[in-house]
Each structure stands twice: as structure tokens, then as C-alpha cells.
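In the UniProt record's numbering, the protein residues as written are 1 to 309.
Glycine is no exception: its CB is placed at the ideal position from the N, C-alpha and C atoms.
All figures in this text were calculated on a predicted structure; none of them were measured in a lab.
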């Protein structure tokens, strides 16, 4: 009995009954509370990101057609531009001492303060007004005022499809002296009644301080000029007949800045004379600029504003 020896355990039995600790480590590490929490947090963050992008893309589409295609690629372009756009569109553009002329077309008395809070503005391209939009009859009355300006041959204005947005109609100067896209003065957004235009920096300041508009998010100058001029602003939609008159004054200021003409005859002065240009020189410059920039709009392919009403 004393000589009986216990046979050695089989290696197979040993592996089954007592697995090495190294074999259990991955299983243990994947089931710790901290790892489970991390995995759940990652999944939740991914779902929230997808939800945000989906809703944000729908918001982008809800702004309607504009200067950027309503596609995922267009959405991505706008999101990238938003990272470097203006942080404060209500901060007026500074006027350098050498800038001429120093004064614009508007005066604080010609542009009364807007009543009520500023409307909600969304987007970059397109940029639209989401509250306090123009009633249909007010929008039509405002468009009629713009058409009257274009109907006067002395104003040198034509109605064409916007060079900036391609889906809105606007006014163009046939003889611009300030470089804008094809001589565009302004374009109106039928969906809300707001409009984009270019102003003298002093006039843009008066507009902002009166609570009637703001700078465009891409109006930063330099490299951004490939999108919009540095003096590009959004004018809030008129809400009643009195505001139609006020916004028409702003459009006249834009005409003055783009073409140098005082279309309302308020005696603000001819900007070309202030620069010391005589009539013949101005006409020659206008003809060269018109031939260069207005060719694509000379065929009359633009949509009429009232057709969009």
C-alpha cells in the first residue's frame, strides 16, 4: 500500500480545470464597470452626433435654395465656412482714415430705429430671416417699389437673377463704379422678404445701429471676397408700409454706393463728382466695366421678382 503512487494529472485535465490567468485577462478587462461605461458613452456620443447632424442638415434644407447647393456636399461646405465666419455680425465695419468718401448716403434721421427685438437669422448661404417675415401684401408692395426704380431709365438699373444666390431676383446697375458681382445692387428673398445688398461702411453702421440689419457672416474681406463683398449686409424684411419706405431708402443707399447715383433725389450728392471724375471719364469707365461684368446678364434670362411673390 505504501508503494502505490498517484499518477500524474493529464495536461488536458489541467488546462480545463485551472486555466492560466493570462487567458482570463481579456475577458476580465472587457467586463469591468469602467470599460462598459466607456463603451456605452462612445455609443451614446455617436448616436447624438448622428441625431444632431441629421437635424442640422434638415434645418439647412429648410432655408430653401440659395448660393449653396442643397446637397450634403453643400452642407459640408457651409459647416466648414462657419468655423471661420464672423463671430459678431452686429459689429460695424471700421472705416480707415484714407477711405473715400468717409460719409455715406444715409443719416441717423433718415433711418429711424426699428421697433421690437431683432428677428432670428439662420444660415450663411443661404442666410434667411425666420421671424417677423413680410406679409404677402407688404412683400408685393416692396417689390413694386424696386420695379419702379428699375423702370426709370435715369437710374441705370435692370432686374435680373441674383449673381450671388442664383435663385432670387434683384437689381443690377448697368454702370457700376464699385465692384460687386456683376454690378448687383441688391436681391430680395421671396420666402421672408429680407434682402442682401452692399453699402458704404458708414451706411452699414447706421443700418446696424438702427436695428434694421446686420453684416453677412462671410463679409470679412480678403480671401472671403470670392464669396461676398466686405460691405455685404442683410436688411431685415419690412413689416408694414412705413418700413417699405425705410427699406427703399436703404436700397437707394446701395444704388448710390454701387453706381454713384442718387435715385431718390435726396441731394446726397453724386459720389463720382466727390471723387473728382468728370462725366466723360465716368461713362468710359462704366462702359468698360459693363461690357466686362454684365455680359452674362444681357440676355434677359433672369426671373422677375413679382413672379416669385
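Here's a check: name, in chain order, each residue in its chain whose Cβ is nearer than 6 Å to the Cβ of residue i, leaving out the five neighbours to either side.
i: residue 281; result: The pLDDT assigned to residue 281 is 38, lower than 50, so where the model puts this residue is not dependable, and the model offers no usable value.
i: residue 162; result: 168, 170, 187
i: residue 43; result: none
i: residue 74; result: 68
i: residue 250; result: 235
i: residue 104; result: 200, 202, 203
i: residue 60; result: 75
Using CA coordinates, which residue listed in the options is at the minimum distance from residue i?
i: residue 211; options: 112, 259, 227, 255; result: 112
i: residue 172; options: 247, 213, 160, 84; result: 160
i: residue 234; options: 87, 105, 126; result: 126
i: residue 154; options: 69, 261, 33; result: 261
i: residue 190; options: 207, 64, 102, 59; result: 64
i: residue 192; options: 133, 158, 114, 226; result: 133
i: residue 72; options: 58, 85, 93; result: 58
i: residue 214; options: 97, 119, 41, 227; result: 119
i: residue 77; options: 232, 258, 227; result: 227
i: residue 107; options: 263, 39, 246; result: 246
i: residue 263; options: 182, 198, 236, 152; result: 152
i: residue 175; options: 257, 36, 86, 130; result: 257
i: residue 131; options: 250, 236, 259; result: 236
i: residue 138; options: 87, 221, 194, 105; result: 194
i: residue 209; options: 49, 90, 56, 79; result: 90
i: residue 79; options: 147, 32, 122, 109; result: 122
Leaving aside the five residues before and after residue i along the sequence, list all residues of the same chain whose C-beta is less than 7 Å from its C-beta, in chain order.
i: residue 145; result: 244, 248
i: residue 224; result: 218
i: residue 184; result: 162, 163, 164, 170, 172
i: residue 180; result: 198, 229, 258
i: residue 81; result: 124, 218
i: residue 70; result: 61
Any idea if residue i is buried or exposed, counting beta-carbon neighbours within 10 angstroms, 16 or more meaning buried?
i: residue 255; result: buried
i: residue 51; result: exposed
i: residue 53; result: exposed
i: residue 196; result: buried
i: residue 252; result: buried
i: residue 327; result: Any property of residue 327 remains undetermined from this structure, which presents the chain solely from 1 to 309.
i: residue 136; result: exposed
i: residue 46; result: exposed
i: residue 150; result: buried
i: residue 265; result: exposed
i: residue 287; result: Since pLDDT at residue 287 reaches only 38, below the 50 mark, its modelled position is unreliable, and the value read off the structure follows with that caveat. Classification of residue 287: exposed, given that the 10 Å Cβ count is below 16.
i: residue 96; result: exposed
i: residue 199; result: buried
i: residue 241; result: exposed
i: residue 124; result: buried
i: residue 239; result: buried
i: residue 38; result: exposed
i: residue 157; result: buried
i: residue 222; result: exposed
i: residue 207; result: buried
i: residue 88; result: exposed
i: residue 116; result: exposed
Counting only the same chain and skipping the five closest in sequence on each side, list residues whose C-beta sits under 8 Å from that of residue i.
i: residue 99; result: 201
i: residue 93; result: 201, 204, 205, 215, 219, 230, 231
Any idea which residues DSSP pairs residue i with across the strands?
i: residue 171; result: 159, 186
i: residue 147; result: Residue 147 is not bridged to any residue.
i: residue 255; result: Per DSSP, none; premise fails for residue 255.
i: residue 197; result: 186, 233
i: residue 129; result: 121
i: residue 214; result: 234
Q. In the region 21–107, which residue ranges form an unbroken alpha helix (DSSP H) of at least 4 residues, counting only runs that do not cross its ends?
A. 21–30, 33–62, 72–82
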